[in-house]
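In numbering that gives the first Met the number 0, the protein residues as written are 0 to 260. One structure is given below, encoded as C-alpha cells.
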Amino acid sequence: MVVILYFTQIAISKIKPPKEKRDVYRNTKDKGFFLEVLYGRTKTLYLGITIKGVYRKIKLGNFPNISINYARKKTLILKGQIAKGIDPLKTKNASTLKEVYDLYINHRKLKDSSKILYKGIMNKYLKNLHYIHVSNIRKEDIYKIFNNANKGGKYSANKTLKLINAILNIAVELELIEKNPANGIKIHKMQARDRYITLEEIPRFLAAVEEDKNPYLKYFVYISLYTAAHRNNVLSMRWENIRLECGIYQRLRMENRKQCH
C-alpha cells in the first residue's frame with residue numbers, strides 16, 4: 000500500500016504496522032522523501048533519487064531513532080551533494096584524509112594553480128595523515144602540522160591550515176565527523192606585500208628587463224608600466240582592446256560591460 004502523507008513527528012508515530020509485507024508513505028512536501036513500515040514494526044526513512052540515470056534508495060535511518068526534522072535536513076544535504084556530482088552511496092565509506100581530499104579536489108571549482116598548490120601541500124605537509132581516518136584526526140595533530148609548515152614560512156603555514164580546514168569541512172558535510180577540529184586555529188596575520196620601485200632602482204630594473212632573454216617578459220613589463228593595468232588585465236589583453244592609431248588601451252569591465260580607457 001502506498002499512502003501520501005505530510006510527515007510530522009506525531010503523524011509518523013501514529014502509523015500502525017501492516018498485517019503483512021510493507022506499507023510505503025510518501026511525503027507531500029519533500030520530493031523523494033519516503034517511509035517504509037514493515038510487518039515487524041520497523042519504520043525506516045529513505046531518500047529515493049535518480050543519480051546519473053539510475054534510481055537509488057538511500058537509507059536515512061530508523062524512526063524514532065532519528066527525528067523527522069533531522070531526516071529532512073539530511074535529504075537536503077544529500078540532494079546538495081548529488082547536485083555537485085557526488086554519489087553519497089560511493090562516498091559514505093570515504094573516510095581517510097586523502098579520500099576526502101580527492102572529493103574536495105574533484106567536486107569543487109578550483110583554479111588549476113590552486114590544485115597544483117594543494118597537491119604540493121598534501122605531499123609535503125599532510126603526507127603523514129593521508130591514510131588516517133578523519134574521525135581520528137585531533138586538534139593537536141593539526142597544530143603539529145601547522146607548526147611544521149611554519150618552517151616553510153607563514154604563507155605556507157596559512158595555506159596548509161586553510162586546506163586541511165576545507166577538507167574537514169567536507170567531512171562534516173558528508174557526516175563523517177560531527178565537528179571540524181581545525182576550527183578555532185588562527186592563521187598568521189600577514190603584512191601587505193606591496194612593494195614599489197624607487198627612483199634610484201628604476202634604471203637598474205629596466206636594464207635587467209632589457210638584458211633578460213625572455214622577450215615576453217619585456218613586453219609584459221612595459222605594457223604594465225605604460226597602462227598601469229593589473230597583471231590579469233595584461234595577461235588577458237586582446238588586439239581588439241588596443242587602438243594603436245590613437246595610443247589607447249580599452250579595458251572591458253565584466254561586471255557592467257563598460258569600457259575603461
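Just so it is clear, CB atoms sit at the ideal spot from N, CA and C, and this is done for glycine as well. Bear in mind the structure is a predicted one, so any value in this text is a computation, not a measurement.
Quiz item: Do you know offhand how far THR49's Cα is from LYS56's?
Solution: Here residue 49 corresponds to residue number 50 of the sequence shown, with the count starting at 1. Here residue 56 corresponds to residue number 57 of the sequence shown, with the count starting at 1. Cα to Cα, THR49 sits roughly 9 Å from LYS56.
Quiz prompt | Residue range of the alpha helix (DSSP H) that includes ILE163 | solution = Translated into the one-based positions of the sequence shown, residue 163 becomes position 164. ILE163 -> alpha helix (DSSP H) spans 153-172.
Exercise. Going by CA-CA distance only, name the one from ILE104, PHE6, GLU244 that's closest to ILE67.
Key: Along the sequence shown, one-based indexing puts residue 67 at 68. Of the listed residues, the one whose Cα sits closest to ILE67 is PHE6.
Practice problem: For the alpha helix (DSSP H) holding LYS217, just list the boundary residues, first then last. | Solution: The residue you call residue 217 lines up with position 218 of the sequence shown. Segment 214-226, the alpha helix (DSSP H) holding LYS217.
Exercise. State the Cα-Cα distance for the pair ASN146 and LYS114, rounded to the nearest angstrom.
Key: As a first step, residue 146 must be located in the sequence shown, where it is residue number 147. As a first step, residue 114 must be located in the sequence shown, where it is residue number 115. Roughly 23 Å between the two C-alpha positions.
Exercise. Quickly, what does DSSP pair ASP29 with across the bridge? List them, please.
Key: Start at 1 with the first residue of the sequence shown, and residue 29 comes out as number 30. Its beta-bridge partners do not exist; DSSP assigns none.
Self-check item: Identified DSSP bridge partners for ILE48
Solution: Numbered from 1 along the sequence shown, position 49 holds the residue referred to as residue 48. Beta-bridge pairing links ILE48 to ARG55.
Exercise. Mind checking who THR95 pairs with in its DSSP beta bridge?
Key: For the purposes of this step, residue 95 is taken as the residue at position 96 of the sequence shown. Residue pairing of THR95 in beta bridges, as defined by DSSP: HIS132.
Self-check item: Exposure of VAL159, with buried meaning 16 or more beta-carbon neighbours within 10 Å
Solution: Position 160 of the sequence shown, counted from the start, is the residue given in the question as residue 159. As written in the sequence, residue 159 is Thr, which differs from the Val given in the question. The residue is buried, with at least 16 neighbouring Cβ atoms inside 10 Å.
Quiz item: Within the chosen definition, does the stretch 93-100 reach the stretch 161-169 through at least 3 CB pairs nearer than 8 Å?
Solution: In short, these stretches touch, since the Cβ pair count reaches three.
Quiz item: If we ignore side chains and look at the alpha-carbon of each, how far apart do LYS13 and SER155 end up?
Solution: To locate residue 13, count along the sequence shown from 1; it is residue 14. To locate residue 155, count along the sequence shown from 1; it is residue 156. Approximately 57 Å, taken between the alpha carbons.
Quiz prompt | Whole-number beta carbon distance between GLY47 and PHE33, since they are thought to touch under 8 Å | solution = The count along the sequence shown starts at 1 and reaches residue 33 at position 34. The count along the sequence shown starts at 1 and reaches residue 47 at position 48. Contact flag correct, Cβ pair sits at about 6 Å.
Practice problem: Could you pull out every residue in the same chain whose Cβ sits closer than 6 Å to the Cβ of THR226, ignoring the five residues on either side in sequence? | Solution: Working through the sequence shown from its first residue, we reach residue 226 at position 227. Excluding sequence neighbours, THR226 sits near TYR248.
Exercise. Give me the Cα-Cα distance between GLU177 and ASN135, rounded to the nearest whole angstrom.
Key: In the sequence shown, counting from the first residue as 1, residue 177 sits at position 178. In the sequence shown, counting from the first residue as 1, residue 135 sits at position 136. The alpha-carbon atoms of GLU177 and ASN135 are separated by roughly 12 Å.
Quiz item: Sorted by chain position, which residues of the same chain lie with C-beta nearer than 6 Å to TYR24's C-beta, five sequence neighbours on each side aside?
Solution: Along the sequence shown, read from residue 1 onward, the residue named residue 24 stands at position 25. Cβ neighbours of TYR24 within its own chain (closer than 6 Å, five residues either side excluded): VAL2, LEU4, LEU34.
Quiz item: With a CB to CB cut of under 8 Å and the five nearest residues on each side skipped, what residues in its chain are close to ASP211?
Solution: The residue you call residue 211 lines up with position 212 of the sequence shown. Correct list, in chain order: LYS217.
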